[in-house]
Each structure stands twice: as structure tokens, then as C-alpha cells.
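Residue numbers (my numbering): 232 to 379.
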């Protein structure tokens with residue numbers, strides 16, 4: 232079983248960026264936490280981060296025959312990227328969107344996720360543990376199909 236974890240713009244700055252919102256864990260810390268949590272499983276993870284919308288779209292498109300599920304934190308792109316939404320909708324594997332902060336308790340422009348409309352699930356507000364919850368959700372779905 233292969234799961235792709237995609238992180239969008241500015242998430243490479245976790246650990247030093249707005250610690251009061253995102254905490255002190257770095258992106259590498261999150262990736263290590265995920266691997267540790269599922270080390271006794273047969274899951275193979277690939278971790279991908281880009282500040283470029285086009286690279287994220289390309290990675291989603293490439294995932295179609297290479298992965299069983301995707302966990303994505305599109306960062307700020309979640310609020311307006313129709314390109315990422317269309318890429319998610321164009322593949323037949325389940326995608327779960329994750330946000331470290333609770334986007335619904337933040338600024339008005341952050342309360343809408345366009346990209347989540349193409350996902351089978353949405354997790355926010357649980358800090359970095361949201362990534363683990365998303366992988367657990369994919370496992371509970373059997374990582375098959377676009378709907379539960």
C-alpha cells in the first residue's frame with residue numbers, strides 16, 4: 232500500500248512560521264511522526280512539498296497509477312486553486328485534505344476550501360496529528376474508491 236503526502240506553499244517553513252498557529256514541529260518532524268506511527272504497517276509513504284501550484288497539480292496527476300491514497304495540505308491554495316481541485320477530481324484514488332489549524336476559526340478568507348470539494352474527507356484543527364488521522368481514515372476506507 233502506498234500513500235502520498237503532499238504539502239503546499241510555506242509548509243516547508245513549519246517550526247519557525249507562526250508557531251502560535253502551526254506549532255513548533257517542522258515538516259520533517261511531521262513526516263517522521265507519520266512513519267513512526269505506521270512503522271509496523273505495510274504502508275510505503277512518499278512525502279512531497281512544493282510552493283508551486285503547477286508542481287502540485289503534476290504530482291497529483293502522476294499519483295493515479297502509483298498510489299492507493301493521498302493526504303494533502305494545500306496550504307493557502309486550498310482557498311482558491313481550481314487547478315488543484317480539478318486535478319483531485321481527475322484521479323480515481325481517495326484524497327483527504329488536512330489543515331493543521333482550524334480554518335473555520337481564522338480569517339474570513341480562510342474559511343472556505345475550494346480543494347476540499349474534490350476530497351473524500353477533510354480534517355482540520357488537530358494540529359500536526361491531523362496527518363495521522365487522515366492516514367487512519369484512508370486505512371479505515373480500505374484505501375479504495377473515491378467514496379466511503
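For each residue, glycine too, the CB sits at the ideal point set by N, CA and C.
Count the other CB atoms, across all protein chains shown, that sit within 10 Å of the CB of residue 293; report buried if there are 16 or more and exposed otherwise. exposed
So what's residue 238 in DSSP terms, helix, strand or just coil? strand
Kindly provide the ranges of any beta strand (DSSP E) runs that are 3 or more residues long and lie completely inside the stretch 257-333, ordered along the chain. 275-280, 300-304 and 326-330
Rounding to the nearest angstrom, what Cα-Cα distance links residue 299 and residue 327 in this structure? 12 Å
Report yes or no: do the stretch 263-270 and the stretch 305-313 share at least 3 C-beta pairs separated by less than 8 Å? no
Suppose you measure from the CA of residue 233 to the CA of residue 330; what does that come to, to the nearest Å? 21 Å
Going by Cα to Cα distance, which pick from 317, 323, 286 and 281 is closest to residue 238? 281
Span of the alpha helix (DSSP H) around residue 361: DSSP places residue 361 in the uninterrupted alpha helix (DSSP H) bounded by 360-371.
Look at the alpha carbon of residue 253 and the alpha carbon of residue 288, and state the distance between them as a whole number of angstroms. 24 Å
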